[in-house]
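Residue numbers (my numbering): 428 to 646. Even glycine gets a Cβ: it sits at the ideal position worked out from N, Cα and C.
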Amino acid sequence: MSKEKRSKKEMSDTKRVVLFTFVIVLVVVLIGVTSFFVLREKDEEKENETVKTNTQEISGYGITVDDLDSEYYKLEFEKLKANLESKNVDMDAYAESVARLFLIDLYTIKTKINKYDIGGIEVVLPEARDNFVVNVTDTIYKFVEDNTKGKRTQSLPVVSELSLINTKKGEFKMDGSNEKVPSYVFDFEIGYSSDLGYDTKAEITVINRDKFMYVVEKN
């Protein structure tokens, strides 16, 4: 091979190497830039995720409050907490607070992350909770949009007032047995910060089982 041909071949090989190197560098840069923006977007989404923080619990009762709860719920929670932590628990007030917390939490849907974030479940009779969840997700919470990313614009209710209309004491017969336990039936009128067509009246049955109060019925 002549020097001229060899020189041209070497130049051609050099160009191919340079071009190949340039392509590799370009691909690496593009991958890096893309990864940077994708990761930054994920970090921003993670920062904006709606999460429950600063959760407090009434020891021994499993009733909690967190930063997402409404101010009205927090006030009733503190009232119940003070009662349950006192030396002489007022059982009538305990029952009423359970009914109030149940309604406030159930119908203050604006604070819920999604349709599966069921309000009031903590004070429902444990063996009835599964049916309660199914019923609520299929009815009241059926069309609640997800707010995990904190971008929901859907209008949802916030309970602003509960007016106790009537209280009736009695006994409640437990399902599947002849056991009867002390009960309270509370009739409430429900007020909202905005009228969105949700229930404005509710009848709540609370039972006293082994000195723990539970919601067993809502009408």
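Do Y611 and K596 have their C-beta atoms within less than 8 Å of each other?
Taking 8 Å as the Cβ cut-off, Y611 and K596 qualify as a contacting pair.
N541 and V571 - do their beta-carbons sit closer together than 8 Å?
In contact: V571 and N541 (Cβ atoms closer than 8 Å).
I think S582 touches L530, with their Cβ atoms under 8 Å apart; what is that distance to the nearest whole Å?
In fact, because the Cβ distance is near 20 Å, the residues do not count as touching under 8 Å.
Counting along the chain, where does the alpha helix (DSSP H) carrying Y534 start and finish?
Its alpha helix (DSSP H) spans residues 518-534.
To the nearest angstrom, report how far apart D496 and D544 are at their CA atoms.
Near 12 Å, if we compare the C-alpha coordinates of D544 and D496.
What does a CB cutoff of less than 6 Å around Q483 pick up in its chain, not counting 5 residues either side in sequence?
If we look at Q483 and ignore the five residues flanking it on each side, its Cβ neighbours are V492.
Pull up the DSSP beta-bridge partners for F599, would you.
Beta-bridge pairing links F599 to V608.
Pull up the distance between the alpha-carbon of M640 and that of A522, whole angstroms please.
Rounded to whole angstroms, M640 to A522 spans 6 Å at the Cα level.
What residues are listed by DSSP as bridge partners for R556?
According to DSSP, which records beta bridges pairwise, R556 is partnered with nothing at all.
Determine the closest residue to K600 out of Y534, D517, E644, with distance taken between C-alpha atoms.
It is E644.
Quick one: what does DSSP say N646 is sitting in, helix, strand or coil?
N646: coil per DSSP, three-state reduction.
Which term fits D532, buried or exposed, when burial requires 16 or more other beta carbons within 10 angstroms of its beta carbon?
The residue is buried, with at least 16 neighbouring Cβ atoms inside 10 Å.
What residues in its chain sit with their C-beta under 6 Å from that of S620, if we drop five residues either side in the sequence?
These residues qualify, in order along the chain: V585, S587.
Quick check on the DSSP output: the alpha helix (DSSP H) that includes N635 runs from which residue to which?
It is not in any alpha helix (DSSP H) - N635 instead sits in the beta strand (DSSP E) that spans 628-636.
Under the three-state reduction of DSSP, which class applies to F406: helix, strand or coil?
Residue 406 cannot be examined here, being either before or after the span of the chain that is shown, 428 to 646.
Pick helix, strand or coil for Y488, following the three-state DSSP scheme.
It is coil, neither helix nor strand.
Could you tell me the boundaries of the alpha helix (DSSP H) in which Y500 lies?
498-511 is the span of the alpha helix (DSSP H), which, as asked, contains Y500.
Answer yes or no: do I617 and L589 have a C-beta to C-beta separation smaller than 8 Å?
For I617 and L589, yes; Cβs fall inside 8 Å.
Take the Cβ of N558 as the centre, count every other Cβ of all protein chains shown within 10 Å, and call the residue buried at 16 or more, exposed below.
Under this definition N558 is an exposed residue.
Since I490 and E549 are thought to touch, with beta carbons under 8 Å apart, how far apart are those beta carbons, to the nearest angstrom?
Their Cβ separation, rounded to whole angstroms, is 5 Å, which keeps I490 and E549 in contact under 8 Å.
According to the Cβ coordinates, are L502 and Y488 closer than 8 Å?
No, the pair does not count as a contact, with Cβ atoms beyond the cut-off.
According to the Cβ coordinates, are V642 and V551 closer than 8 Å?
For V642 and V551, yes; Cβs fall inside 8 Å.
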